[in-house]
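Structure, as structure tokens:
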Ligand SMILES: Cc1cc2nc3c(=O)[nH]c(=O)nc-3n(C[C@H](O)[C@H](O)[C@H](O)COP(=O)(O)OP(=O)(O)OC[C@H]3O[C@@H](n4cnc5c(N)ncnc54)[C@H](O)[C@@H]3O)c2cc1C
Ligand SMILES: Cc1cc2nc3c(=O)[nH]c(=O)nc-3n(C[C@H](O)[C@H](O)[C@H](O)COP(=O)(O)O)c2cc1C
Ligand code: SF4
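Residue numbers (our numbering), protein chains in the order written: chain A, 1 to 434; chain B, 435 to 886.
Have a look at this one:
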């Protein structure tokens, strides 16, 4: 069995699976049970300033998007940060950390954007013995209307400033949690880096309206006939999160900055994908909220089995392995020519490839008598749509044309050499190949 | 249809002869409950999600009424079962009955690509039932009639063919009178289909729903060849559609054949019986035949409480008219299927005591007796060896014992159309009858409005 122990910023945990700051980590009761269930660490539900805690709505705070059979694909929430007193949370954190020294306990924080507020709370967090802090610059609803959360996360200067205050007033690792509700994720990441952050974690939730009630004409979840945008998470946001992670991982300005990956992690495969894109660990919220703490068993067993199959002994063997292969479009090899191939034995003759290609792509699939579908090599641009819509796995595949053969579509001989857009004759600003 | 409870039988249940009350009320209710129970909304959503929305879908090609199956399934999937029902009814006004009785395993579901892929087709029949049930519960007829054309059409027979034809004509603005020999409309939907396929008087409810479009009058007890004649109808109406099905049955050629009962009449009695505990059934029942009627008679005999039920079919299993699903259904109810046997003699003195069967084999493409025999104890023998057309009016051409038609049911007489079981061509199925009735109506409409 591969060793799942991870060291993230010097914080050790028995596995790289932490529960993200959210309801699963809202209180001692949950966190103890999560640790018993096998989670490697938790980021405690975000704490606010001392004094009267925030209040949540008293109506529904979640909305959902379903796939077949009511599989939850996306969850939307309008919950605020913890609505329990600061003192209660701090006492609980201290107790839990003392009882679970081998698990990571990170405290998520969100206080007003004033140095005094941070100076007030940081020593109190330090006293709990927690392993580090995470700055919640991501919450896109409610708190942002009060100048916190995403309101800070959307202004790189504030991120840098607050991060610096924290680094000056707290001596354990500082993780900056980023909001995806921004045009270019590299700017906030660079700001966190400049402020001295030990790591960034991402993503927080994506601003969203999951559905509209067509009888009341109000967004859901509906509170007394009104709705407000919420934050979207769960499997649906994973592609968005992974792109943002990869952008930061390959940005020379933030190279080497540790990343904690969040957003839709549900299975071992999701975790492996995030980690291969450069995340030292991953955080999970919706999967636990959907299936309970037990999901971690599958994530742990699956990752460990996969590592064994791959011959990886430690997570560091594959963290970041995919980063060098994430490139810009302009560097993709234009001499890589492929054609779709339909396996007639596997084909069930549904004709979806035909409809998709004929109606919306390149008219490159022929429907022959007897519902025999065949690729027309002289039209196929290898776009992959047929594969994406085919219900049978591996029925349609892409086959690379060997260099030296003629592409019937272009009539040109396929070149063996790599050549990209930067050197392409159609590119007005092409440079001659060296 | 719940698994029929098989506990140790009582003396009453084992009584010799043809007797009533072999099963209690509760057992009968259980045995004759819905063969394919309706889908709950969530089940329907999940079942609908399995459809691939195929291009030029093979299931549609396989449907005799050309229902746009992927479209209606998608409408269920998007939460619009009423829209789904409309898609179905546009092609097949008896979509509710067809959802229950179609041998989908040899039609749409056999063609479904998921049958090819994983031997588990999309449950098209049950989804169709889900949609049509939802619409029919709404108790509002989904079609309005076009402006009156002033034309009148006479239809003979209120079976699926006649009803489908009548509805379409009424919708197009013509006035329709259906002459029906029996006391109730519905044809074999009412008198023939197995009870567990259409429980709770669905056939009658569907006819009422269909008629609520208006413009259709049914005259029951009015038989062609008795009170009315084809010539009379042709004189009094602008067009005539014949949908009288097959009223006769083939004769059994065997010694003592007169002691064999007609399976179709047995089923009709069963369908019309308000209390199945008073319907008598034999202890040892033998059904001669290999089609759907034979299977239905056998299964229902078993469900009524017959101890031993055997279907004796003269050819091999592969030639059986009943689908594999029907055969398996029979086997699961405890019916014994015997192949390559034909009746030699029904024995008994006044009442049936046994039946002697001769084994057969096919030599040079011909079925020949081998000389070996087997004798089964029997107190009731049913023949289900095919129905025949009776009382064909003059002026019509016959083909293979049925009314010859061309195109959309045109007969040798320019103002007479025919469809359903009584017309040549097509399988003898409810859905085929609906398709033929509908198509004839369109042709009649074209003719009456001068478009053809
Ligand atoms: C026992 C049995 C089980 C079956 N099970 C199935 C099944 O599960 N699924 C399936 O798809 N098909 C089944 N079928 C076949 C299906 O019932 C028929 O194909 C279908 O009913 C044909 O419709 P139709 O309108 O042509 O004729 P019918 O349904 O036979 O209707 C003809 C109507 O005309 C009336 N009529 C007859 N003669 C006259 C006359 N001279 N004057 C006035 N009216 C007259 C009759 O009383 C009847 O009402 C079954 C058939 C039988 C016998
Ligand atoms: C109900 C709910 C409450 C949340 N509250 C917080 C919070 O207080 N602080 C925070 O940093 N993130 C919060 N999040 C965001 C999650 O920590 C996480 O970033 C997001 O849900 C994406 O991960 P997932 O796809 O695994 O759920 C919350 C999410 C949910 C669903
Ligand atoms: S063949 Fe099956 S999967 Fe394809 S459209 Fe018809 S029901 Fe759907």
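Cβ coordinates follow ideal geometry from the N, Cα and C atoms, glycine included.
Task: residue 345 of chain A: contacting residues in chain B (beta-carbon distance under 8 Å) - done: Translated into positions along the first chain, residue 345 of chain A becomes position 345. Result: empty, since nearest Cβ-Cβ is about 11 Å, beyond 8 Å.
Task: Test item: CB-CB of residue 716 of chain B and residue 452 of chain B under 7 Å - done: Translated into positions along the second chain, residue 716 of chain B becomes position 282. Translated into positions along the second chain, residue 452 of chain B becomes position 18. Closer than 7 Å, so yes.
TODO: Please work out which residues of its chain come closer than 6 Å, Cβ to Cβ, to residue 790 of chain B, disregarding the five sequence neighbours upstream and downstream, and give them in chain order.
DONE: Residue numbering aside, residue 790 of chain B sits at position 356 when the second chain is read from its first letter. Taken in chain order, the residues that qualify are 778, 779, 807 and 809.
TODO: Answer with yes or no whether the minimum CB distance from residue 542 of chain B to chain A is below 7 Å.
DONE: For the purposes of this step, residue 542 of chain B is taken as the residue at position 108 of the second chain. So, not an interface residue.
- [ ] Please find out if some non-hydrogen atom of ligand 5 comes closer than 6 Å to the beta-carbon of residue 510 of chain B.
- [x] This structure simply doesn't include ligand 5; it includes ligand 1, ligand 2 and ligand 3 instead.
TODO: Return the residues of the segment 529-562 of chain B that lie within a Cβ-Cβ distance of less than 7 Å from chain A, sorted by chain order.
DONE: 547, 550 and 551
- [ ] If I'm right that residue 27 of chain A touches residue 92 of chain A with Cβ under 8 Å, what's the distance once you round it to whole angstroms?
- [x] On the first chain, position 27 is the one that residue 27 of chain A refers to. On the first chain, position 92 is the one that residue 92 of chain A refers to. Yes, they are in contact, since the Cβ atoms of residue 27 of chain A and residue 92 of chain A sit about 6 Å apart, within 8 Å.
TODO: Could you spell out the range, first to last residue, of the alpha helix (DSSP H) harbouring residue 654 of chain B?
DONE: Numbered from its first residue, the second chain carries residue 654 of chain B at position 220. Element bounds for residue 654 of chain B: not the alpha helix (DSSP H) but the beta strand (DSSP E), 650-654.
- [ ] Using a Cβ-Cβ cut-off of 7 Å, state whether residue 485 of chain B counts as contacting chain A.
- [x] On the second chain, position 51 is the one that residue 485 of chain B refers to. The beta-carbon of residue 485 of chain B is placed no less than 7 Å from the nearest beta-carbon of chain A.
- [ ] Apply the 10 Å Cβ neighbour rule to residue 751 of chain B and answer buried if 16 or more other Cβ atoms are within range, or exposed otherwise.
- [x] As a position in the second chain, residue 751 of chain B is number 317, starting the count at 1. Residue 751 of chain B comes out exposed.
Open item on the list: Any heavy atom of ligand 1 closer than 6 Å to the beta-carbon of residue 872 of chain B?
Closed with: Translated into the one-based positions of the second chain, residue 872 of chain B becomes position 438. Answer for residue 872 of chain B: no, Cβ out of range of ligand 1.
Task: Proximity to residue 467 of chain B [Cα-Cα], best of B:734, B:826 and B:776 - done: Residue numbering aside, residue 467 of chain B sits at position 33 when the second chain is read from its first letter. It is B:734.
Open item on the list: What would DSSP say about residue 837 of chain B, mapped onto helix, strand or coil?
Closed with: Taking the first residue of the second chain as 1, we reach residue 837 of chain B at position 403. Reduced to three states, the DSSP call for residue 837 of chain B is strand.
TODO: Give the straight-line distance between the Cα atoms of residue 120 of chain A and residue 262 of chain A, rounded to the nearest whole angstrom.
DONE: For the purposes of this step, residue 120 of chain A is identified with residue 120 of the first chain, where counting begins at 1. For the purposes of this step, residue 262 of chain A is identified with residue 262 of the first chain, where counting begins at 1. Computed Cα separation, rounded: 29 Å.
Open item on the list: Taking the beta carbon of residue 325 of chain A as the centre, do at least 16 other beta carbons fall within 10 Å, making it buried, or is it exposed?
Closed with: Mapped onto the first chain, residue 325 of chain A falls at position 325. By the 10 Å Cβ count, residue 325 of chain A comes out exposed.
Task: Closest residue to residue 109 of chain A among A:36, A:141, A:7 and A:166 (Cα-Cα distance) - done: The sequence position of residue 109 of chain A within the first chain is 109, counting from 1. If we check each option's Cα against that of residue 109 of chain A, A:166 comes out closest.
Open item on the list: Which residue wins for smallest C-alpha separation from residue 537 of chain B, given the options B:730, B:746 and B:678?
Closed with: Walking along the second chain from the start, residue 537 of chain B turns up at place 103. Cα-wise, what sits closest to residue 537 of chain B is B:730.
Task: Contacts that residue 475 of chain B makes with chain A (C-beta to C-beta distance below 9 Å) - done: On the second chain, position 41 is the one that residue 475 of chain B refers to. Those do not exist, as residue 475 of chain B stays about 11 Å from chain A at its closest Cβ, beyond 9 Å.
- [ ] Answer yes or no: the CB of residue 294 of chain A versus the heavy atoms of ligand 2, is any distance below 6 Å?
- [x] Locating residue 294 of chain A in the first chain gives position 294, counting from the first residue. Because no heavy atom of ligand 2 lies under 6 Å away, the Cβ of residue 294 of chain A does not count as near it: no.
Task: Beta-carbon neighbours of residue 392 of chain A, restricted to chain B and to distances below 7 Å - done: Counting from one through the first chain, the residue named residue 392 of chain A turns up at place 392. 551, listed in chain order.
TODO: Examine chain A for any beta-carbon lying closer than 7 Å to the beta-carbon of residue 575 of chain B, and answer yes or no.
DONE: If you number the second chain from 1, residue 575 of chain B lands on position 141. Closer than 7 Å: no.
- [ ] Select from the segment 333-366 of chain A all residues with a C-beta closer than 7 Å to any C-beta belonging to chain E, and list them in chain order.
- [x] Here chain E cannot be found, since the structure's protein chains are A and B.
TODO: Put residue 39 of chain A into one of helix, strand or coil per three-state DSSP.
DONE: Indexing the first chain from 1 puts residue 39 of chain A at position 39. Three-state DSSP puts residue 39 of chain A in coil, outside helix and strand.
Task: Contacts that residue 69 of chain A makes with chain B (C-beta to C-beta distance below 9 Å) - done: Translated into positions along the first chain, residue 69 of chain A becomes position 69. Under the 9 Å cutoff, chain B gives 476, 479, 480 and 483.
- [ ] Using 10 angstroms around the beta-carbon of residue 205 of chain A, count the other beta-carbons present and answer buried if the total reaches 16, otherwise exposed.
- [x] Your numbering for residue 205 of chain A matches position 205 in the first chain. Answer is buried; the Cβ neighbour count reaches 16.
TODO: Compile a chain-ordered list of the residues in the segment 485-499 of chain B whose CB is closer than 9 Å to at least one CB of chain A.
DONE: 486, 487, 488, 489, 490, 491 and 492
Open item on the list: For residue 761 of chain B, report the span of its alpha helix (DSSP H) as first-last.
Closed with: Translated into positions along the second chain, residue 761 of chain B becomes position 327. Element bounds for residue 761 of chain B: 758-766.
Task: Terminal residues of the alpha helix (DSSP H) in which residue 168 of chain A lies - done: For the purposes of this step, residue 168 of chain A is taken as the residue at position 168 of the first chain. It spans 156-169 - the alpha helix (DSSP H) in which residue 168 of chain A sits, taken as one unbroken run.
- [ ] Measure the alpha-carbon distance for residue 879 of chain B versus residue 631 of chain B and round it to whole angstroms.
- [x] Residue numbering aside, residue 879 of chain B sits at position 445 when the second chain is read from its first letter. Residue numbering aside, residue 631 of chain B sits at position 197 when the second chain is read from its first letter. If I take the Cα positions, the gap works out to 33 Å.
Task: Beta carbon proximity, residue 437 of chain B to chain A, threshold 7 Å - done: For the purposes of this step, residue 437 of chain B is identified with residue 3 of the second chain, where counting begins at 1. In this prediction, residue 437 of chain B has a pLDDT of 49, which is less than 50 and means its spatial position is unreliable; nothing more can be read from the coordinates.
- [ ] Decide if residue 330 of chain A is buried, meaning its Cβ has at least 16 other Cβ atoms within 10 Å, or exposed.
- [x] Taking the first chain and counting its residues from 1, the one referred to as residue 330 of chain A is at position 330. Flag for residue 330 of chain A reads exposed.
Task: 7 Å Cβ cutoff met for residue 210 of chain A and residue 76 of chain A - done: Stepping through the first chain from its first residue, residue 210 of chain A is reached at position 210. Stepping through the first chain from its first residue, residue 76 of chain A is reached at position 76. In this structure, residue 76 of chain A lies closer than 7 Å to residue 210 of chain A by Cβ.
Task: Which listed residue (A:419, A:409, A:247 and A:41) has its alpha carbon closest to that of residue 107 of chain A - done: In the first chain, counting from the first residue as 1, residue 107 of chain A sits at position 107. Among A:419, A:409, A:247 and A:41, the Cα nearest to that of residue 107 of chain A belongs to A:41.
- [ ] Give a single yes or no on whether residue 566 of chain B has its beta carbon closer than 6 Å to a heavy atom of ligand 1.
- [x] Mapped onto the second chain, residue 566 of chain B falls at position 132. Because no heavy atom of ligand 1 lies under 6 Å away, the Cβ of residue 566 of chain B does not count as near it: no.
Open item on the list: Quick check: residue 547 of chain B and residue 386 of chain A, are their CB atoms within less than 7 Å of each other?
Closed with: For this step, residue 547 of chain B is matched to residue 113 along the second chain. For this step, residue 386 of chain A is matched to residue 386 along the first chain. Going by C-beta atoms, residue 547 of chain B is not nearer than 7 Å to residue 386 of chain A.
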